[in-house]
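Okay, so here's the structure we're looking at.
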Amino acid sequence: MNLSDSDSSSTEAPEAPRRRRGGGRAGRIAVREAAPERDRRPVRPGLPAGRFKPLTESDMQQVYDTALGLLEDVGMGDPLDEFVEAATPVGGWVDDNGRIHLPRGVVERAIETAAKEWIWHGFDDDQSVHVGGEHVYFGTSGAAVMMYDHETGTFRDSLAQDVYDCGRLVDTLDNLHFYVRTVVARDMVETRDLDMTTAYAVMCSTTKPGGSSWFEPEWVYESVEMFDLVLGGEGEFAKRPFIAANNTFVVPPLRFAYDSARCLVAQVRTGMPINLLSALQAGATAPAALAGALAQAVAECLGGLTFVNLLSPGHPCLLGLWPFVSDLRTGAMSGGSGEEGILNAAAAEVGHWLGLPTGVAAGMTDSKVNDAQAGYEKGLNVGLAGHAGANIVYESAGMLASLLACSYEALVIDNDMLGAINRTVRGIEVNADTLSAELIGEVIAGPGHFLGSPQTLELMETEYLYPLVSNRDTPEDWTEAGSRAAHDVAHDHVVATLDSHWPSHISPAVDAAIRDAFPIGLAPQGPAIEAAAS
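The opening position of the sequence shown corresponds to residue 1088 in my numbering, with each subsequent residue numbered one higher.
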């Protein structure tokens, strides 16, 4: 039955047409081609979140007071000279063991001066991320050393090409809002080659906001020179930073990581946004008690935030509260556990309570393949983090084996998951129009069904989300179509995307200039740049 030709005198709902092979795909394509404007889509980047609150006000106050007590009474070990020089004039002191202590007032003044909201730019302005407030965004991160190979069902070393190709996939996936490098380019031997090639691959692979990590401060400065070159001149990156640093500046418990801390100073001086990461592991490098692990993570992140704001008040930062969990039977990381989920949610809530932008790591399944375990672990953890209001949810797509591996197919499957989660974050709008009382009366007096209603036709585009690869066919239609699992359908999407999608926001001339000036260990990518290089 044609919905627009429904018989208004009928009191029986029409029989639903049986979905035929290929019809579902055609329908999905039609919906995507007719997608409404960005601000009217069913889900959008930066939806307001924070309705799930695992901690009480008293709980958060106790966590905060404990964190401040640790910074004042225990202090942080191995501070850089720059940190000592910044903290001692305002009341900090170094004890006989070389630990720097931060009085409560010093930390609280840093919280007051810290940036509460900032823009993480994309090359495409429409892709920029508004960090802070109630906004929540989902994206990638990681330092996986392996890629899962769909064809063979085995793992291989991750390469610079994978850094670039993961970014190309993310560039096409609507529910991933930023791309922080997912894997380590293990074909790069020297740290300079690794840092520069990774930064280049992230920058060139997507117009969305990007991120990376650095081993040496020298390569931070050199990377910013490359970013300036792309933006048109010295100092341009500081005006429009499109790459943020993931900086694990602390070795838990409460000790600075020397090289990462030196990179932190370089990132402050170049205007690079910083995710201040505390990646402790409950039961190993932090207390097994979840409250204790959370308090230690808050202390470590606030310590880093204090020194950043002493060096440069208002510098764009995230509290990177990444308290990992151990399987206490073996000591192995358990990134997909319920304990991990509730810790992430609590970390997000504390960040909101402090009024500081906060990022957490969710989606870190312990499964080695894209199976039911991966699905429930990722869905649980990312869902809790999103609803608790984490501003930035890292690791939310693509990862397997407790962050040891990445999967192209997982990026695509998880994009569907993130769309569904973001739809739950959006919630239900309740008003006179959406309550639909008048429409219900009209339908009862008329056709007896809502299929041809203008409201139904309008809301199918603005209220309902349609997955990219997830299957909603009947068992019969699914069987007729080949009985294909989600990871097989996702693989087709991966192949099609990597065969055809070549971001072009870096011109061949600029790419050539970059290659002349910096050690880029990745072959020219895409027809235009390949042609110019040949």
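Note that CB positions come from ideal geometry on N, CA and C, so glycine has one too.
Could you check the C-alpha separation between P1562 and M1163 for me, to the nearest Å? Along the sequence shown, read from residue 1 onward, the residue named residue 1562 stands at position 475. Along the sequence shown, read from residue 1 onward, the residue named residue 1163 stands at position 76. Whole-angstrom Cα-Cα distance: 59 Å.
Could you tell me the boundaries of the beta strand (DSSP E) in which W1205 lies? As a first step, residue 1205 is located in the sequence shown; it is residue number 118 there, counting from the start. E1204 to W1207 is the extent of the beta strand (DSSP E) around W1205.
Count the other CB atoms, across all protein chains shown, that sit within 10 Å of the CB of R1268; report buried if there are 16 or more and exposed otherwise. Mapped onto the sequence shown, residue 1268 falls at position 181. By the neighbour-count rule (16 or more Cβ atoms within 10 Å), R1268 is buried.
For D1258, tell me which candidate among G1229, A1286, N1478 and T1294 has the shortest Cα-Cα distance. If you number the sequence shown from 1, residue 1258 lands on position 171. Comparing Cα-Cα distances from D1258 to each of G1229, A1286, N1478 and T1294, the minimum goes to T1294.
Local conformation of R1115 per DSSP, three classes: By 1-based counting over the sequence shown, the position of residue 1115 is 28. Residue confidence is low: R1115 scores 47 on pLDDT, short of 50, so the model does not pin down where it sits. Its coordinate-derived value is still stated next. Three-state result, R1115: helix.
Can you tell me the Cα-Cα spacing of V1130 and E1159, whole angstroms? Counted from its first residue, the sequence shown places residue 1130 at position 43. Counted from its first residue, the sequence shown places residue 1159 at position 72. Their backbone Cα atoms lie some 44 Å apart in a straight line.
Can you tell which of F1394, W1589 and A1620 has its C-alpha closest to the C-alpha of D1603? Reading the sequence shown from its first residue, position 516 is the one you call residue 1603. Nearest option by C-alpha distance: A1620.
Are the stretch 1276–1294 and the stretch 1592–1608 touching by the rule of at least three beta carbon pairs closer than 8 Å? Touching, yes, given that three or more Cβ pairs across the two stretches are closer than 8 Å.
On the premise that V1161 lies in contact with V1171, defined as a C-beta separation below 8 Å, what is that separation, rounded to the nearest angstrom? Counted from its first residue, the sequence shown places residue 1171 at position 84. Counted from its first residue, the sequence shown places residue 1161 at position 74. The beta-carbon separation of V1171 and V1161, rounded to 17 Å, does not stay under the 8 Å limit for a contact.
Please report the straight-line C-alpha distance between Q1383 and L1263, rounded to a whole angstrom. Taking the sequence shown and counting its residues from 1, the one referred to as residue 1383 is at position 296. Taking the sequence shown and counting its residues from 1, the one referred to as residue 1263 is at position 176. Across the structure, Q1383 and L1263 are spaced so that their CA atoms are roughly 30 Å apart.
What residues are listed by DSSP as bridge partners for R1243? Taking the sequence shown and counting its residues from 1, the one referred to as residue 1243 is at position 156. Beta-bridge pairing links R1243 to M1234.
Does the beta-carbon of V1581 have 16 or more other beta-carbons within 10 angstroms, so that it is buried, or is it exposed? Locating residue 1581 in the sequence shown gives position 494, counting from the first residue. Classification of V1581: buried, given that the 10 Å Cβ count is 16 or more.
Give me the residue from W1440, G1358, E1204 and M1486 with the minimum Cα distance to Q1149. For the purposes of this step, residue 1149 is taken as the residue at position 62 of the sequence shown. Out of W1440, G1358, E1204 and M1486, W1440 has the C-alpha closest to the C-alpha of Q1149.
Determine the burial state of P1627: buried for a count of at least 16 other Cβ atoms within 10 Å of its Cβ, exposed for fewer. Nothing can be reported for residue 1627, as the shown portion of the chain is limited to 1088 through 1621.
Completely contained beta strand (DSSP E) runs for the stretch 1150–1225, where each covers 3 or more residues: 1204–1207, 1216–1219 and 1222–1225
Find out if the Cβ-Cβ distance for the pair M1147, V1437 is shorter than 8 Å. As a position in the sequence shown, residue 1147 is number 60, starting the count at 1. As a position in the sequence shown, residue 1437 is number 350, starting the count at 1. Result yes, Cβ atoms of M1147 and V1437 sit closer than 8 Å.
Simplified DSSP assignment, three categories, for I1601: The residue labelled residue 1601 in the question sits at position 514 within the sequence shown. Note: I1601 maps to helix in three-state DSSP.
Report the partner residues of G1297 according to the DSSP bridge assignment. Counted from its first residue, the sequence shown places residue 1297 at position 210. For G1297, which the question treats as bridged, DSSP gives the partners Y1266 and I1330.
In or out: R1349 buried (at least 16 other Cβ within 10 Å) or exposed? To locate residue 1349, count along the sequence shown from 1; it is residue 262. R1349 comes out buried.
Give the straight-line distance between the Cα atoms of E1323 and G1298, rounded to the nearest whole angstrom. Along the sequence shown, read from residue 1 onward, the residue named residue 1323 stands at position 236. Along the sequence shown, read from residue 1 onward, the residue named residue 1298 stands at position 211. Those two C-alpha atoms are separated by around 17 Å.
If you run the structure through DSSP and keep just helix, strand and coil, what is S1310? The sequence position of residue 1310 within the sequence shown is 223, counting from 1. Three-state DSSP puts S1310 in a helix.
Sufficient close CB pairs (3 or more, under 8 Å) joining the stretch 1391–1399 to the stretch 1418–1425: Put simply, the stretch 1391–1399 does not touch the stretch 1418–1425. Fewer than three CB pairs are less than 8 Å apart.
8 Å Cβ cutoff, G1185 in contact with chain D: Protein chain content of the structure displayed is limited to a single chain, and chain D is not contained in it.
Taking only three categories from DSSP, how would you classify I1616? Taking the first residue of the sequence shown as position 1, residue 1616 is located at position 529. Three-state result, I1616: helix.
Could you tell me if E1204 is buried or exposed, where buried requires 16 or more neighbouring beta carbons within 10 angstroms of its beta carbon? Walking along the sequence shown from the start, residue 1204 turns up at place 117. Exposed, because fewer than 16 other Cβ atoms sit within 10 Å of the Cβ of E1204.
Give every residue of the same chain whose Cβ lies closer than 7 Å to the Cβ of G1137, excluding the five residues on either side of it in the sequence, and list them in chain order. As a first step, residue 1137 must be located in the sequence shown, where it is residue number 50. So the list reads E1221, H1439, A1475 and G1476, once near-sequence residues are dropped.
Short Cβ contact (8 Å threshold) for V1270 with C1253: Along the sequence shown, one-based indexing puts residue 1270 at 183. Along the sequence shown, one-based indexing puts residue 1253 at 166. Their beta carbons are under 8 Å apart, which means V1270 touches C1253 by this criterion.
Which two residues bound the contiguous alpha helix (DSSP H) that contains S1347? As a position in the sequence shown, residue 1347 is number 260, starting the count at 1. Here the alpha helix (DSSP H) through S1347 covers Y1345 to T1357.
V1447 (DSSP reduced to helix, strand or coil): Start at 1 with the first residue of the sequence shown, and residue 1447 comes out as number 360. Three-state DSSP puts V1447 in a strand.
Give every residue of the same chain whose Cβ lies closer than 6 Å to the Cβ of E1617, excluding the five residues on either side of it in the sequence, and list them in chain order. Looking up residue 1617 in the sequence shown gives position 530. Only P1611 meet the Cβ criterion.
So, for R1115: in the same chain, excluding its five sequence neighbours on each side, which residues have a beta-carbon less than 7 Å away from its beta-carbon? Along the sequence shown, read from residue 1 onward, the residue named residue 1115 stands at position 28. Note that R1115 scores 47 on pLDDT, short of 50, meaning its location in the model is unreliable; the coordinates nonetheless yield the value given after this. So the list reads Y1553, once near-sequence residues are dropped.
Answer with buried or exposed for M1547, where buried requires no fewer than 16 other C-beta atoms within 10 angstroms of its C-beta. As a first step, residue 1547 is located in the sequence shown; it is residue number 460 there, counting from the start. Label assigned to M1547: exposed.
Let me confirm a value: R1243 is counted as buried when at least 16 other C-beta atoms fall within 10 Å, else exposed. Which label applies? Sequence index remark: in the sequence shown, residue 1243 carries index 156 (1-based). R1243 is exposed by the Cβ-count criterion.
Does the distance from the CB of G1369 to the CB of L1157 come in under 8 Å? As a first step, residue 1369 must be located in the sequence shown, where it is residue number 282. As a first step, residue 1157 must be located in the sequence shown, where it is residue number 70. It should be noted that the sequence gives Ala, not Gly, for residue 1369. For A1369 and L1157, no; Cβs fall outside 8 Å.
Please classify T1241 as buried or exposed, where buried requires at least 16 other C-beta atoms within 10 Å of its C-beta. In the sequence shown, the residue the question calls residue 1241 occupies position 154. Its Cβ having fewer than 16 others within 10 Å, T1241 is exposed.
Assigned exposure category for I1515 - 16 Cβ within 10 Å defines buried: Along the sequence shown, read from residue 1 onward, the residue named residue 1515 stands at position 428. Its Cβ having fewer than 16 others within 10 Å, I1515 is exposed.
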